[in-house]
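Protein chains in written order, with this note's numbering: chain A, 1 to 84; chain B, 85 to 288.
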């Protein structure tokens, strides 16, 4: 799991062009939206693309997305449960 | 009405200039993206959204930062008193092509929302307006080459008929690594604000 969370942090930084951040700046349970990471609505759409492109997981339900994208930790758990 | 240019900036493949003075040379003849990073670090605006912008917006953003680095939007002017009128030849073609590439192959179909949002030249206006709280008229006109006559007339009209206090005008164009931004801060000529250049048909 920790390997996955570290890879996810790197993926998020690269995919969302968060050049001011390093993986170690994002803690596993820190909120991705509304906190220090400060993602916005376009970033939320990019996270959906990232999950589908890199992990083959599609999210169609906005409520599910809200839960999955709470933190890197919640994303990693969801990937572990749904990875094909 | 007597209008004057109180500041001007230029960013091109050779360097960054403010009021005709070289601020930062592109000594390594770097392509736009690494040079833009260098300019960003030089100007140090501390604005993390910069890194998410497309090339056209980065170009416009950096040229505006240089333009307003000392000559901030007047403290007497509300955002609604400031207009932003630009000209451009290539529209948002760099992002348009990047977006096209992302969905050309139906077996590898992952269009990026972050690219798609930049597929309009008006987005660069929005980025500048957000950064500098400009809420007056903002428009980007497509033209083959910088059309000083058109821009002069349009800006003059804004001052005369709509009582604007300041206007950022000029040219911002990016296509396939070729780029140029030249921006001008236009104001009513006043004793306490030195006019650096005349604002007329030949201003650009």
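We treat Cβ as the ideally placed atom computed from N, Cα and C, and that holds for glycine.
Helix or strand or just coil, what does DSSP make of residue i?
{"i": "residue 238 of chain B", "result": "helix"}
{"i": "residue 102 of chain B", "result": "strand"}
{"i": "residue 281 of chain B", "result": "strand"}
{"i": "residue 201 of chain B", "result": "coil"}
{"i": "residue 267 of chain B", "result": "strand"}
{"i": "residue 206 of chain B", "result": "helix"}
{"i": "residue 250 of chain B", "result": "strand"}
{"i": "residue 256 of chain B", "result": "strand"}
{"i": "residue 148 of chain B", "result": "helix"}
{"i": "residue 91 of chain B", "result": "strand"}
{"i": "residue 273 of chain B", "result": "coil"}
Taking only beta-carbon atoms, is residue i less than 8 angstroms away from chain A?
{"i": "residue 176 of chain B", "result": "no"}
{"i": "residue 197 of chain B", "result": "yes"}
{"i": "residue 136 of chain B", "result": "yes"}
{"i": "residue 153 of chain B", "result": "no"}
{"i": "residue 307 of chain B", "result": "In the structure as shown, chain B begins at 85 and stops at 288. Residue 307 of chain B is therefore absent and cannot be evaluated."}
{"i": "residue 179 of chain B", "result": "no"}
{"i": "residue 191 of chain B", "result": "no"}
{"i": "residue 223 of chain B", "result": "no"}
Indicate whether at least one CB of chain B lies closer than 8 angstroms to the CB of residue i.
{"i": "residue 42 of chain A", "result": "yes"}
{"i": "residue 20 of chain A", "result": "yes"}
Interface residues of chain B around residue i at Cβ under 9 angstroms?
{"i": "residue 37 of chain A", "result": "The premise fails here: residue 37 of chain A is roughly 11 angstroms from chain B at the closest Cβ pair, so nothing lies under 9 angstroms."}
{"i": "residue 46 of chain A", "result": "196, 197 and 198"}
Name, please, each residue of chain B whose Cβ falls closer than 8 angstroms to the Cβ of residue i.
{"i": "residue 85 of chain A", "result": "Limits of chain A in this structure are 1 at one end and 84 at the other, which puts residue 85 of chain A out of reach."}
Rounded to whole angstroms, what's the CA-CA distance from residue i to residue j? Just pull it up for me.
{"i": "residue 87 of chain B", "j": "residue 270 of chain B", "result": "7 angstroms"}
{"i": "residue 198 of chain B", "j": "residue 230 of chain B", "result": "29 angstroms"}
{"i": "residue 117 of chain B", "j": "residue 237 of chain B", "result": "34 angstroms"}
{"i": "residue 109 of chain B", "j": "residue 123 of chain B", "result": "9 angstroms"}
{"i": "residue 31 of chain A", "j": "residue 37 of chain A", "result": "7 angstroms"}
{"i": "residue 213 of chain B", "j": "residue 9 of chain A", "result": "31 angstroms"}
{"i": "residue 216 of chain B", "j": "residue 40 of chain A", "result": "20 angstroms"}
{"i": "residue 115 of chain B", "j": "residue 16 of chain A", "result": "22 angstroms"}
{"i": "residue 18 of chain A", "j": "residue 276 of chain B", "result": "42 angstroms"}
Whose Cβ in chain B lies nearer than 7 angstroms to the Cβ of residue i?
{"i": "residue 53 of chain A", "result": "194"}
Please list, in chain order, the chain A residues whose beta carbon lies closer than 7 angstroms to that of residue i.
{"i": "residue 93 of chain B", "result": "Result: empty, since nearest Cβ-Cβ is about 24 angstroms, beyond 7 angstroms."}
Segment contact, 8 angstroms Cβ cut-off, at least three pairs: the segment 241 to 257 of chain B with the segment 52 to 71 of chain A: Contact fails: fewer than three Cβ-Cβ distances are below 8 angstroms.
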